[in-house]
Structure formats: C-alpha cells, structure tokens
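Asker:
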Amino acid sequence: MKGTLRLAEGRDLAAINDIYNYYVLNCTCTYQLEPDTLDDRKVWFREHPPEKYPVVVAEQEGEVVGWGSLSRFRPRAGYAPTAEASIYIRSDCHRRGFGRALLADLIDRARTAGFHSIVGGASAEQTASIALQESLGFVRVARFVEVGYKFGRRLDVVYLQLMLSPEPKR
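Everything in the sequence shown is counted per the numbering used here, starting at 5 for the first residue and increasing by one.
1. How about Ala126 and Leu164: do their beta carbons lie closer than 9 Å?
2. Report the CB separation of Leu74 from Ala87 in whole angstroms; it is logged as a contact under 8 Å.
3. Note the first and the last residue of the continuous beta strand (DSSP E) segment covering Leu159.
4. Let me know the secondary structure DSSP gives Ala87 once reduced to three states.
5. Just confirm the distance between the C-beta atoms of Val161 and Phe148, as a whole number of angstroms; I'd bet it's less than 8 Å.
6. So, with DSSP's three-state summary, where would you put Gln36?
7. With 16 as the cutoff for other CB atoms within 10 Å, does Val69 come out buried or exposed?
8. Where does Tyr27 sit, in a helix, a strand or coil, going by DSSP?
9. Just to confirm before moving on: does the CB-CB distance between Val123 and Ala89 stay below 9 Å?
10. Three-state secondary structure (DSSP) at Lys173?
11. Using a 10 Å radius around the Cβ and a threshold of 16 neighbouring Cβ atoms, would you call Lys173 buried or exposed?
12. Return the CA-CA distance between Ser139 and Gly103, expressed in angstroms with no decimal places.
Structure, rendered in structure tokens:
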C-alpha cells in the first residue's frame, strides 16, 4: 500500500460518504438501498468514539481512498465484547492493499480496545471481501440464505469471525 492510515476526522466525512454511497447505488457489498446524506454520516460518526469504535481512513497523496470502522455488533449489552468491522475502498483504488491495511489496523485497534472478537459480514458474491477476511484469520461461521434483496435479486450473506482472545473455559 502506498499511502497512510489515520483516524478519521470531521473533514473526512464527505469523502467517506461518497465512497460508501457509490456502493449503495452500484454494488451488493451493502444492502442499503438509499444513499446516506452528509447529516446521516455525521450522526454515524458521533456513534464511533475513536477509543472504542474507531473510523480509520486510508490516504494517498492527500486524498481519502478508503475507510474502515469498528461498530457495535448488536445494541444489547451482552454483545459488547464483539465489534463488527467494515471496510470500503474507493472504486478506482481496489487491489492496492488499502483494504488489507485497514482491516489489519482495525484488528489491532480492537485488541487494544479489549474486544473478544470481531465479526464481518459480506454478500456471498463478494468473494474478494470474504477472501481478505479469511487471509487475516477470520473464519466463516454462518451463511444466511436469501436474507438480502437488491437489484431484483435475492442474496445470501456470509458471516466471518476473528477471535481476539482465548475462548473462556467451560
């Protein structure tokens, strides 16, 4: 990867939103159907305190070319030890190592924050995303059949998980 990673700042939100909205409109890597507004993105960003749920951007020559985040896996308190990782790379910057660098960085940040595991989900047809996660130690744990619907098609979702700390003894 020829670029740098850093924590996202408010000034990055338009670029983050543009990258994400491209996939909302053109791809099955998100099942969201309507683009986010900048105000939506600001609310989302406020829900990501950097010490627990960081948003990280990849920059190249001063431009944001990708981003990743850790988010709450589920809202109920019992799920607090698990985070969900998301990565989005600008469509003209694939296959340059940005996704791998971002996901590796998020794994390190999740360990530092004390998470027990990270979950990642991907449309089953997003084989590059699944392969990236598996290359960094994620293991497939579930496949939900036809739970998504986009572009007139029913879509499967694959969930992967990376354990960050040993399993508790039972």
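Just so it is clear, CB atoms sit at the ideal spot from N, CA and C, and this is done for glycine as well.
Answerer: In this structure, then:
1. What you label residue 126 is simply residue 122 of the sequence shown in a count that begins at 1. What you label residue 164 is simply residue 160 of the sequence shown in a count that begins at 1. Yes, the Cβ-Cβ distance between Ala126 and Leu164 is below 9 Å.
2. Your numbering for residue 74 matches position 70 in the sequence shown. Your numbering for residue 87 matches position 83 in the sequence shown. Contact holds; Cβ gap of about 4 Å.
3. Your numbering for residue 159 matches position 155 in the sequence shown. Per DSSP, Leu159 belongs to the beta strand (DSSP E) from Arg157 to Met167.
4. Here residue 87 corresponds to residue number 83 of the sequence shown, with the count starting at 1. Ala87 falls in the strand class under three-state DSSP.
5. Sequence index remark: in the sequence shown, residue 161 carries index 157 (1-based). Sequence index remark: in the sequence shown, residue 148 carries index 144 (1-based). Correct: roughly 5 Å between the Cβ atoms.
6. What you label residue 36 is simply residue 32 of the sequence shown in a count that begins at 1. Residue state, collapsed to three classes: coil.
7. In the sequence shown, counting from the first residue as 1, residue 69 sits at position 65. Buried.
8. Residue numbering aside, residue 27 sits at position 23 when the sequence shown is read from its first letter. Reduced to three states, the DSSP call for Tyr27 is helix.
9. Position 119 of the sequence shown holds residue 123. Position 85 of the sequence shown holds residue 89. Cβ atoms of Val123 and Ala89: closer than 9 Å.
10. Along the sequence shown, read from residue 1 onward, the residue named residue 173 stands at position 169. Confidence at Lys173 is low in this model, with a pLDDT of 48, below 50, so its placement is unreliable and the value that follows should be read with caution. The answer is coil: DSSP assigns Lys173 none of H, G, I, E or B.
11. Position 169 of the sequence shown, counting from 1, holds the residue named residue 173. Only weak support is given to the placement of Lys173: the predicted model assigns it a pLDDT of 48, under 50, and the value that follows is read from those uncertain coordinates. Lys173 comes out exposed.
12. Counting from one through the sequence shown, the residue named residue 139 turns up at place 135. Counting from one through the sequence shown, the residue named residue 103 turns up at place 99. Each residue's Cα considered, the two are about 12 Å apart.
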